[in-house]
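Working notes, beginning with the structure itself.
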Amino acid sequence: MRLNGVMAAAMIVAAAAVNIEVGAAAQRSAYDGVYTVEQAKRGRGLYEKRCVLCHLDRGQGHEAVPEIVGQSLEREGDAEAPAIAGDAFQIKWNSRRAWDLFSTMTNTMPVGSPRSLSPQEYADVLAYIFELNTLSAGAHELTPERAALESITIGR
Ligand code: HEC
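Residue numbers (the working numbering): 70 to 225.
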C-alpha cells in the first residue's frame, strides 16, 4: 500500500514536470526570431502600398510629426495614425500575444478597408512591423494560424 502511494506521488511529480516542459516549449517570445528576413521584405512591399501613407516610412506615425504653426493641418494620410514602432508601441503591446496584434490589424486596418489583405499578407506585414521594432529575424516564417500566433508573446 505504502509503495503504491509513493509511486502515485512519483507519477504526479513526473506528470507535472512534463506539463511544465510542454508549456515552456510551446510559448515563445517575439524576440526569438519568429519571422524571416525574406518575409519582412514582402511585408515591407505591402506596407509601402497600404500602410505607409498613415504610419509613415519607419512606422513612426503622424503623432510624431511636429505641427507647424500657421500651416494647414491638411496633409496626406491620417493625422491620428499612431506609431507602430518604437518604445510606446512596444510598451503598449508588451506581454500580449502576436495574435492580438494580428487580429487588431486584420479587423481594423487599413482604415476604411479592413480584411482587404489575405491572412498570409497580414502575417507578412506583421513580420515587417517586428523588423521595424528591431526584433531579430529567424529561420522560420510567421504563419497566420491562430494557434501559432497565440503561442508568441510580444516582449521577453
Ligand atoms: C488612412 C490611414 C491609415 C492606414 C492606411 C493604415 N492605418 Fe493603421 N491606424 C490608423 C489609425 C487612425 C489608427 C488608430 C486607430 C484606433 O486607435 O482606433 C491605426 C492603428 C493601427 C494599429 C494599432 C496601433 C496600436 O498601438 O494600437 C496598427 C497595428 C496598425 N494601425 C497597422 C496598420 C497596418 C498594418 C496598415 C496597412 C495594412 C495600416 N495600419 C494602415 C490609420 C491608418
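Cβ coordinates follow ideal geometry from the N, Cα and C atoms, glycine included.
Does the beta-carbon of residue 113 have 16 or more other beta-carbons within 10 angstroms, so that it is buried, or is it exposed?
buried
Hey, would you say the C-beta of residue 124 is under 7 Å away from at least one heavy atom of the ligand HEC?
yes
Whole-angstrom distance between residue 115 and residue 152, CA atom to CA atom
17 Å
Whole angstroms is fine: what's the gap from residue 141's alpha carbon to residue 177's?
Any reading at residue 141 needs caution, since the residue's pLDDT is 47, under 50, leaving its predicted position unreliable; the model's value is listed next. Going from the Cα of residue 141 to the Cα of residue 177 covers about 28 Å.
With distances taken from CA atoms, which of 99, 203, 194 is nearest residue 110?
194
Looking only at its own chain, which residues have a Cβ that is under 7 Å from the Cβ of residue 221, when we skip the five neighbours before and after it?
97, 99, 103, 166, 167
Determine the DSSP secondary structure at residue 225, reduced to helix, strand or coil.
coil
For residue 95 and residue 206, what's the separation of their Cα atoms in angstroms?
19 Å
Just to confirm, does residue 153 get its C-beta within under 7 Å of one of the non-hydrogen atoms of the ligand HEC?
yes
Cutoff 7 Å; reference residue 218; Cβ partners in own chain excluding five residues on either side:
166, 167, 168, 171
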